[in-house]
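Student: Sending over a structure as structure tokens; questions will come in a sec.
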Amino acid sequence: MIVLARRLVQLVAVVLAATFLTFTAMNTLGDPLFNVVGFVAAVDCDAVEAGEIEDISGQGGTSLGDCAVVAEAREEFHLNEPLPIRYGRWVGDLIRGDFGTSFKNRMPVSTVLADRLPKSLLLMGMAEVFAVALSVPWALAAAYRANRAMDRASTIGAFGMLALPNFALGVILFYFFVVKWQIFPSRFEDDNLAVRLKSLVLPALTLGMPLAATYFRLLRTDLITTLQEDFVVMAKAKGLSNRWIMFRHALRPSMFSLVTVFGLNTAALIGGALIVEQIFSIPGLGRALVEASIRDDYPVVLGATVVIATGFVAINFAVDLVYSYLDPRVRRES
Amino acid sequence: MGQKGLSGMDAPVQTDPEEQFGVAVVRRLGAGFWIAASWIVVMVAAAVLAPWLPIADPNETGVGGRMDGPGWSNWFGTDSNGRDMFSRTIWGARVSLIVGFFSILLGICVGGTLGMIAGYFRGIVDRVISFSVFVLLAFPALVLALLVIGLAGQTLPIVTMTLGILAIAPIARLSRATTLAYSEREFVAAARVLGATDRRIMIRELLPNVLIPMGALTLLGMAITIVVEGGLAFLGLSVEEGFSWGKMIVLGSSPRTLREGPWVAMFPIGAMFMTVLALNFAGDRLREYFDVRELGIGVG
Chain B
6 MIVLARRLVQ LVAVVLAATF LTFTAMNTLG DPLFNVVGFV AAVDCDAVEA GEIEDISGQG
66 GTSLGDCAVV AEAREEFHLN EPLPIRYGRW VGDLIRGDFG TSFKNRMPVS TVLADRLPKS
126 LLLMGMAEVF AVALSVPWAL AAAYRANRAM DRASTIGAFG MLALPNFALG VILFYFFVVK
186 WQIFPSRFED DNLAVRLKSL VLPALTLGMP LAATYFRLLR TDLITTLQED FVVMAKAKGL
246 SNRWIMFRHA LRPSMFSLVT VFGLNTAALI GGALIVEQIF SIPGLGRALV EASIRDDYPV
306 VLGATVVIAT GFVAINFAVD LVYSYLDPRV RRES
Chain Z
257 MGQKGLSGMD APVQTDPEEQ FGVAVVRRLG AGFWIAASWI VVMVAAAVLA PWLPIADPNE
317 TGVGGRMDGP GWSNWFGTDS NGRDMFSRTI WGARVSLIVG FFSILLGICV GGTLGMIAGY
377 FRGIVDRVIS FSVFVLLAFP ALVLALLVIG LAGQTLPIVT MTLGILAIAP IARLSRATTL
437 AYSEREFVAA ARVLGATDRR IMIRELLPNV LIPMGALTLL GMAITIVVEG GLAFLGLSVE
497 EGFSWGKMIV LGSSPRTLRE GPWVAMFPIG AMFMTVLALN FAGDRLREYF DVRELGIGVG
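Quick note, the sequences are listed as chains B and Z, same order. First residue of the first sequence: 6, per our numbering; consecutive thereafter. First residue of the second sequence: 257, per our numbering; consecutive thereafter.
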């Protein structure tokens, strides 16, 4: 219970810090009003009211009536109030479960998130499944015969894989599987689950292969260290089969760094797959974040930030639970 | 399978520890390092000397035909405007390397100094700096990049500065950790007993020790910033004037260009891959050579 409470406090602190910074930056560096009403946002409406300016067409507006639109938008989005009060209002709404309204088409942010998040989660899940399915057997095979040809080739291969940027891998896969051989669709298709899974295969591979290389390197190193432990010598002396030793004795205690990095990467993938989503035209959370940032549509950016921060803290919590499953010693200490 | 299996188990007896754990015990850089270093030197030289090299003007259209494949007259082929891809790849290196180098330099100057101050003085100074670093890390990097670049303009200095700011936090963390470790050492205590001022201790005693891991970090960090710049290009945030490798890859990766001339995207990809590989490898070897513990920097 105490652990859970501490996690909740941490979550609130991280969400508040991240959203406050985003909120301030987007409102001081950008101009949200501009994206609601257009160029007319630049018109000095106070001067118009005072009758100092008669014709505002040179300032970006077309008619004097535009000032009413500006005032209305200011009122609707509370843009004429001081920053701290607006941030407070946003937090208050959030506590009541209201994420606010997007500037773009006045859609509730929760609708935008509900539409985008499942696609990102599916992509994240597939990428991690590919990464683990590739890396674990690969690391087991390499560590099993450390420093032999297969191991050396794998280590070099993993090193090379990590030097290939994500977007470059994406373009290469796109070229071969979409343009040349036309095995996969060129953009995201959403008709049914099978089609959706199929159009996510390439992006998931793009994300998953560098991850697999990272996991391989970690697990291989840890496995080799574990294989020198006394209990492995003991198991061997007992006459247990190599296969049994590898899977039942060596693998579990070797998974600590893997689990840590797995957690960090999974959290990063929730909203961080934006470049891959861009290349393969997937309407996921990352793309929503990019589009909203460009438009200074800060309700959407803040909503996405909340989701990402929550996912980050939740996944780290899950990782801690997995630690105690992997190693009983951790359980006793905490 | 048989008894020959599980060689990892007997390995430490029969192989040298360097191979086993990737920690250099024997102090040599190896041939691989020199190959990687030569590639970097050639790349930098080509980028610096690009205006004087006997290559086509990268922006001149109609040097070759439209979408000519790689051949004798145009080594890397031409793009849809008949521009020479070999020349463009070399000119693209200029922007990519400038962004990569100067942003990591900025990160090391600011982040390294902050980290050293925090690690040396501890107490309230450390707490303030560490909290700022944490906040910078928690801030969605992309939002910052989008806002700053979108607002201040997509010029070379702005893109470089933005990536540099993003690099400050992780570098400050590394520099603080290294300084903390060295502040406890005898030579620092000795200098203090001899009456050295804080400034003298930091510059004469600590800085040389902190700079060594930072040197390896420059190479590894440059690899990361070059890649991040390429990522920004995919979001339409690369430099507006001129072009980097990232921007070239974006231009070459539309389905139509890929179908008609895959080389337009593949040569910049190859150049970037080789350079990042060389930077990673050289950086790794240098770090092992100076026997610094593994510390992830995790930018981007």
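Backbone N, C-alpha and C define an ideal beta-carbon position, used for all residues, glycine too.
To the nearest angstrom, how far is the alpha carbon of B/R79 from that of B/S115?
Tutor: Answer to the nearest angstrom: the Cα atoms are 22 Å apart.
Student: Is any beta-carbon of chain Z found at less than 8 Å from that of B/S339?
Tutor: Its pLDDT being 46, under 50, B/S339 is placed unreliably in this model, and the value from its coordinates should be taken loosely. Judged by the 8 Å Cβ criterion, B/S339 is not in contact with chain Z.
Student: Is the CB-CB distance between B/L224 and B/V324 below 8 Å?
Tutor: no
Student: Would Z/V279 be called buried (16 or more neighbouring beta carbons within 10 Å of its own) or exposed?
Tutor: Reliability fails at Z/V279, whose pLDDT of 48 lies under 50, so the model's placement of it is uncertain and the value that follows must be treated cautiously. Exposed.
Student: On a CA-only basis, which of Z/A306, Z/W331, Z/L370 is nearest Z/V351? Give me that one, please.
Tutor: Z/A306
Student: Measure how close the beta-carbons of B/M166 and B/A209 come, nearest whole angstrom, since I'm counting them as under 8 Å.
Tutor: B/M166 to B/A209, Cβ: 16 Å. No contact.
Student: Does the CB of Z/V351 have a neighbour CB from chain B at under 8 Å?
Tutor: no
Student: Report yes if the CB atom of Z/I424 is closer than 8 Å to the CB atom of Z/G363, and no otherwise.
Tutor: yes
Student: Find the nearest neighbour of Z/E461 within the set Z/R441, Z/A374, Z/R383, judged by alpha-carbon distance.
Tutor: Z/R441
Student: With distance defined between alpha-carbon atoms, name the residue in B/V184, B/F82, B/V8, B/A273 nearest to Z/G508.
Tutor: B/V184
Student: So, at 8 Å on beta carbons, what are the nonlocal neighbours of B/T230 in its own chain, with the 5 sequence-adjacent residues on each side left out?
Tutor: S259
Student: How would you label B/Y303, buried or exposed, when you count the other beta carbons within 10 angstroms and need 16 or more for buried?
Tutor: Burial call: buried.
Student: Around the C-beta of B/K203, are 16 or more other C-beta atoms found within 10 angstroms, so that it is buried, or is it exposed?
Tutor: exposed
Student: Helix, strand or coil, according to DSSP, for B/P89 in the structure here?
Tutor: helix
Student: So, with DSSP's three-state summary, where would you put Z/T453?
Tutor: For Z/T453, the secondary structure class from DSSP, reduced to helix, strand or coil, is coil.
Student: Could you pull out every residue in the same chain whose Cβ sits closer than 8 Å to the Cβ of B/A73, ignoring the five residues on either side in sequence?
Tutor: none
Student: Taking 6 Å as the limit between beta carbons, can you name the residues of its chain near B/F193, skipping five residues before and five after?
Tutor: Cβ contact annotation for B/F193 (same chain, cutoff 6 Å, sequence separation greater than five): S204, S286, I287, in chain order.
Student: By the DSSP assignment, the alpha helix (DSSP H) with B/L326 in it spans what residues?
Tutor: 303-331
Student: Check the Cβ-Cβ distances between B/V176 and every residue of chain Z, and say whether any is below 8 Å.
Tutor: yes
Student: Does any C-beta atom of chain B lie closer than 8 Å to the C-beta of Z/V300?
Tutor: no
Student: Would you check if there are 3 or more beta carbon pairs closer than 8 Å linking the segment 170-183 of chain B to the segment 98-117 of chain B?
Tutor: In this structure the segment 170-183 of chain B does not touch the segment 98-117 of chain B; the number of beta carbon pairs closer than 8 Å is below three.
Student: For the segment 303-316 of chain B and the segment 19-26 of chain B, state whether three or more C-beta atom pairs, one from each stretch, are separated by less than 8 Å.
Tutor: With the cut-off at 8 Å, the segment 303-316 of chain B and the segment 19-26 of chain B touch.
Student: Excluding sequence positions up to five away, which residues of its chain have a Cβ less than 6 Å from the Cβ of Z/F277?
Tutor: With a pLDDT of 49 at Z/F277, under the threshold of 50, the modelled position of this residue cannot be trusted, and the question is left open.
Student: In chain Z, which residues lie with their C-beta within 7 Å of the C-beta of B/V306?
Tutor: V399
Student: Do Z/L507 and the ligand FAD come close, with the Cβ less than 7 Å from some heavy atom?
Tutor: Because no ligand of any kind appears in the structure shown, any question about the ligand FAD cannot be addressed here.
Student: Give the C-beta separation of Z/A349 and Z/A303 to the nearest angstrom, bearing in mind that I take them to be a contact with Cβ-Cβ under 8 Å.
Tutor: About 4 Å separates the two Cβ atoms, so the contact holds.
Student: Does B/T106 come out as helix, strand or coil in the three-state DSSP assignment?
Tutor: strand
Student: Tell me Z/D340's beta-bridge partners as DSSP assigns them.
Tutor: Z/T334
Student: For chain Z, is any of its Cβ atoms less than 8 Å away from the one on B/I299?
Tutor: Yes, B/I299 counts as interfacial toward chain Z.
Student: In angstroms with no decimal places, state the Cα-to-Cα distance between B/F135 and B/L128.
Tutor: Between B/F135 and B/L128, the alpha-carbon positions lie close to 11 Å from each other.
Student: Do the segment 434-452 of chain Z and the segment 476-490 of chain Z meet, that is, are 3 or more Cβ pairs less than 8 Å apart?
Tutor: no
Student: Considering only the beta carbon of each residue, do Z/M360 and Z/T474 sit closer than 8 Å?
Tutor: Contrary to the premise, residue 360 of chain Z reads as Ile rather than Met in this sequence. Contact: yes.
Student: Which whole-angstrom value describes the C-beta separation of B/L212 and B/V281, a residue pair presumed to lie in contact below a C-beta threshold of 8 Å?
Tutor: 6 Å
Student: Spell out a yes or no on whether the segment 397-415 of chain Z and the segment 290-303 of chain B are touching, meaning 3 or more CB-CB pairs, one atom from each, closer than 8 Å.
Tutor: yes
Student: Just to confirm the assignment, what range does the alpha helix (DSSP H) spanning B/Q354 have?
Tutor: For residue 354 of chain B there is no data in the structure shown, the boundaries of chain B being 6 and 339.
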